[in-house]
Amino acid sequence: MNWRRYFWPVIGIAAVIFSLLLLWHELRGISLDDVWDGIAAIPARDWILAALCSVVAYASLAGYDHIALLHIGKKVSWLFVTLCSFTTYALSHNIGGSVFSGAVIRYRAYGTRGLTGQDVGVLVAICWITFVLSTILASGLVLVFEPEILDRFSGIAHHGLSEAAGIVMLLLVAAYIFGSWLHLRPLKIASFQLHYPALPIVARQLLIGPIELLAATAIIFFALPVAHNPGYFVVLGVFLVSFSIAQISHAPGGLGVFEVVFLAGLSDMDPVGVLAALLVFRLFYLIIPLLLGLGIVLFFERSQFSRSES
Numbered sequence: 474m475n476w477r478r479y480f481w482p483v484i485g486i487a488a489v490i491f492s493l494l495l496l497w498h499e500l501r502g503i504s505l506d507d508v509w510d511g512i513a514a515i516p517a518r519d520w521i522l523a524a525l526c527s528v529v530a531y532a533s534l535a536g537y538d539h540i541a542l543l544h545i546g547k548k549v550s551w552l553f554v555t556l557c558s559f560t561t562y563a564l565s566h567n568i569g570g571s572v573f574s575g576a577v578i579r580y581r582a583y584g585t586r587g588l589t590g591q592d593v594g595v596l597v598a599i600c601w602i603t604f605v606l607s608t609i610l611a612s613g614l615v616l617v618f619e620p621e622i623l624d625r626f627s628g629i630a631h632h633g634l635s636e637a638a639g640i641v642m643l644l645l646v647a648a649y650i651f652g653s654w655l656h657l658r659p660l661k662i663a664s665f666q667l668h669y670p671a672l673p674i675v676a677r678q679l680l681i682g683p684i685e686l687l688a689a690t691a692i693i694f695f696a697l698p699v700a701h702n703p704g705y706f707v708v709l710g711v712f713l714v715s716f717s718i719a720q721i722s723h724a725p726g727g728l729g730v731f732e733v734v735f736l737a738g739l740s741d742m743d744p745v746g747v748l749a750a751l752l753v754f755r756l757f758y759l760i761i762p763l764l765l766g767l768g769i770v771l772f773f774e775r776s777q778f779s780r781s782e783s
């Protein structure tokens, strides 16, 4: 048996179990009634703002696919791309291993629109690069302007190191832009080729990508209680750390991992209020999109089946 096929799923499940144990230890004094009270305490205005931010986040994710298709020079209808992107991220965010699970979903969908396997491979690569580039850019800005953000996780002050790391990240983004300006040669892996994005594509990546991260963070920010709220920029930093670790863990939906790290980053806030905000985030960013995405998949497969029958 190919053990590598099961390695990352096992790692992801182990991360979930370990994180849930840590989460239970952290919240053992909190009852379900406390959590419900925390959710009920969120004003209706903030519920609406959080919901709108989730729409902006997924609209930005659709921009990832539009940017990638523009890069490879393929034209697909705006509605199809938007629905495909929404479904891809709605499912992959919950399944885990978003690059690989997203590639399978995109291959199935875009294959019906004439894209080859290599086209889909380039599309997935560009979407992944857009996400990584945006994360590096946002993280670099946070570390430069809020260098104490890492203190929330380590408990040790190392502002100089944080600022240096932030500057390095911003220099990496600048190097990426410079590479586009130089028109570097394409990356070749066997028959697969990945051409360096042109400057107009890079500009779109640096605009659309950060908007998605800002909007996703805002879902939590609006749901957080006002008391001891450190401000949006700090919440953004905590979100970037939490979301990145959850992605690396390969835990399905980052379950447990995301919550443990986020609670550690906002340890000076009421854990009930933080947990309530995280549940709102899961509702708007994961659960509702998952249900809608499954509906889109069923509709798509049914239409494909009817087309093949006719």
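Its first residue numbered 474, the sequence shown is counted upward by one per residue in the working numbering. We treat Cβ as the ideally placed atom computed from N, Cα and C, and that holds for glycine.
Cβ neighbours of Cys557 in the same chain (closer than 6 Å, five flanking residues each side left out):
Working through the sequence shown from its first residue, we reach residue 557 at position 84. Contacts found: Ala582.
Residue burial classification, Tyr715 (beta-carbon count within 10 angstroms, cutoff 16)
One-based indexing of the sequence shown puts residue 715 at position 242. Strictly speaking, residue 715 in this sequence is Ser, with Tyr absent from that position. Under this definition Ser715 is a buried residue.
Roughly how many angstroms lie between the CA atoms of Val599 and Val707, to the nearest whole one?
One-based indexing of the sequence shown puts residue 599 at position 126. One-based indexing of the sequence shown puts residue 707 at position 234. With the sequence shown as reference, residue 599 is identified as Ile, and Val is not the correct amino acid for it. Taking the CA atoms as reference points, Ile599 sits about 29 Å from Val707.
My guess is that Ile784 and Ala749 are in contact by the Cβ rule of under 8 Å, so how many angstroms apart are they, rounded?
No information on residue 784 is available, as it lies outside the stretch 474 to 783 that the chain covers here.
Pop quiz: Leu756 and His566 are said to be a contact at Cβ under 8 Å. What is the actual Cβ separation, rounded to whole angstroms?
To locate residue 756, count along the sequence shown from 1; it is residue 283. To locate residue 566, count along the sequence shown from 1; it is residue 93. Their Cβ separation, rounded to whole angstroms, is 13 Å, which puts Leu756 and His566 out of contact at 8 Å.
At least 3 beta-carbon pairs within less than 8 Å: the stretch 660 to 674 vs the stretch 635 to 644:
At 8 Å Cβ cutoff, the stretches do not touch.
For Phe754, tell me which candidate among Phe553, Glu774, Phe735, Thr608 has the shortest Cα-Cα distance.
Indexing the sequence shown from 1 puts residue 754 at position 281. Nearest to Phe754 by alpha-carbon distance, out of Phe553, Glu774, Phe735, Thr608, is Phe735.
What does DSSP give as the partner residues of Gln666 in its beta bridges?
Here residue 666 is taken as the residue at index 193 of the sequence shown, counted from 1. The partner list for Gln666 (beta bridge, DSSP) reads Lys661.
Which stretch, first to last residue, makes up the alpha helix (DSSP H) that contains Tyr562?
The residue you call residue 562 lines up with position 89 of the sequence shown. Its alpha helix (DSSP H) spans residues 551 to 568.
For the stretch 727 to 767, list the beta strand (DSSP E) runs that are entirely contained and at least 3 residues long, ordered along the chain.
As summarised for the stretch 727 to 767, there are no continuous beta strand (DSSP E) elements at least 3 residues long confined to that stretch.
Helix, strand or coil: which one does DSSP assign to Ile622?
Position 149 of the sequence shown, counting from 1, holds the residue named residue 622. Reduced to three states, the DSSP call for Ile622 is helix.
Tell me the rounded alpha-carbon separation between Ser533 and Tyr705.
Working through the sequence shown from its first residue, we reach residue 533 at position 60. Working through the sequence shown from its first residue, we reach residue 705 at position 232. Their Cα atoms are separated by approximately 19 Å.
Grab the span of the alpha helix (DSSP H) containing Arg518 for me, first residue to last.
As a first step, residue 518 must be located in the sequence shown, where it is residue number 45. Annotation for Arg518: the continuous alpha helix (DSSP H) segment containing it runs 517 to 545.
C-beta neighbour in chain C for Tyr758, strict 8 Å
The chain inventory of the structure shown lacks chain C, comprising one protein chain alone.
What residues in its chain sit with their C-beta under 7 Å from that of Ile674, if we drop five residues either side in the sequence?
Your numbering for residue 674 matches position 201 in the sequence shown. So the list reads Ile540, Leu543, His544, once near-sequence residues are dropped.
Could you check the C-alpha separation between Pro670 and Ala513 for me, to the nearest Å?
Counted from its first residue, the sequence shown places residue 670 at position 197. Counted from its first residue, the sequence shown places residue 513 at position 40. Whole-angstrom Cα-Cα distance: 47 Å.
Three-state secondary structure (DSSP) at Gly704?
For this step, residue 704 is matched to residue 231 along the sequence shown. It is coil, neither helix nor strand.
Please classify Ser699: does DSSP put it in a helix, a strand, or coil?
Taking the first residue of the sequence shown as 1, we reach residue 699 at position 226. For clarity, residue 699 is Val in the given sequence; the question names Ser instead. Val699: coil per DSSP, three-state reduction.
Asp506 versus Val747 - alpha carbon distance:
The residue given as residue 506 occupies position 33 in the sequence shown. The residue given as residue 747 occupies position 274 in the sequence shown. Asp506 and Val747: Cα-Cα distance of roughly 15 Å.
Answer yes or no: do Ala530 and Glu685 have a C-beta to C-beta separation smaller than 8 Å?
Here the question's residue 530 lines up with position 57 in the sequence shown. Here the question's residue 685 lines up with position 212 in the sequence shown. For the pair Ala530 and Glu685, the CB atoms are nearer than the 8 Å cut-off.
Within this structure, are the beta carbons of Thr555 and Ala535 separated by less than 8 Å?
Residue numbering aside, residue 555 sits at position 82 when the sequence shown is read from its first letter. Residue numbering aside, residue 535 sits at position 62 when the sequence shown is read from its first letter. Result yes, Cβ atoms of Thr555 and Ala535 sit closer than 8 Å.
Any idea what DSSP makes of Gly587, helix, strand or coil?
The residue given as residue 587 occupies position 114 in the sequence shown. The answer is coil: DSSP assigns Gly587 none of H, G, I, E or B.
The alpha helix (DSSP H) that contains Ala637, what's its start and end?
Counting from 1 along the sequence shown, the entry for residue 637 is found at position 164. DSSP places Ala637 in the uninterrupted alpha helix (DSSP H) bounded by 632 to 655.
Can you grab the Cα-Cα spacing for the pair Ile692 / Gly682, in whole Å?
Translated into the one-based positions of the sequence shown, residue 692 becomes position 219. Translated into the one-based positions of the sequence shown, residue 682 becomes position 209. The alpha-carbon atoms of Ile692 and Gly682 are separated by roughly 16 Å.
DSSP three-state call for Ala514: helix, strand or coil?
Locating residue 514 in the sequence shown gives position 41, where the first residue counts as 1. Reduced to three states, the DSSP call for Ala514 is coil.
According to the Cβ coordinates, are Thr589 and Ile578 closer than 8 Å?
Locating residue 589 in the sequence shown gives position 116, counting from the first residue. Locating residue 578 in the sequence shown gives position 105, counting from the first residue. The criterion of a C-beta distance shorter than 8 Å is not satisfied by Thr589 and Ile578.
Pick helix, strand or coil for Ala671, following the three-state DSSP scheme.
On the sequence shown, residue 671 is found 198 positions in, with the first residue counted as 1. Coil.
Under the assumption that Val657 contacts Ile609 (Cβ atoms under 8 Å), give the Cβ distance between them as a whole number of angstroms.
Against the sequence shown, residue 657 aligns to sequence position 184. Against the sequence shown, residue 609 aligns to sequence position 136. The amino acid occupying residue 657 in the given sequence is Leu; Val does not appear at that position. About 18 Å separates the two Cβ atoms, so there is no contact after all.
Under 8 Å between C-beta atoms of Gln678 and Leu596
Indexing the sequence shown from 1 puts residue 678 at position 205. Indexing the sequence shown from 1 puts residue 596 at position 123. Against a cut-off of 8 Å, the Cβ pair of Leu596 and Gln678 comes out as no contact.
Expressed to the nearest angstrom, what Euclidean distance is found between the alpha-carbon atoms of Glu774 and Arg518?
As a first step, residue 774 must be located in the sequence shown, where it is residue number 301. As a first step, residue 518 must be located in the sequence shown, where it is residue number 45. Each residue's alpha carbon lies about 38 Å from the other.
8 Å contact criterion, which Leu709 and Ala648 should meet: CB distance rounded
One-based indexing of the sequence shown puts residue 709 at position 236. One-based indexing of the sequence shown puts residue 648 at position 175. Separation of the CB atoms of Leu709 and Ala648 is rounded to 23 Å, and the pair is thereby denied contact status at 8 Å.
Of the listed residues Asp624, Val549, Trp509, nearest to Thr585 (C-alpha basis):
Reading the sequence shown from its first residue, position 112 is the one you call residue 585. Checking every option, the nearest Cα to that of Thr585 belongs to Val549.
CB-CB under 6 Å to Gly727, same chain, minus the five flanking residues each way: which ones, in chain order?
To locate residue 727, count along the sequence shown from 1; it is residue 254. Cβ within range, chain order: Ala719.
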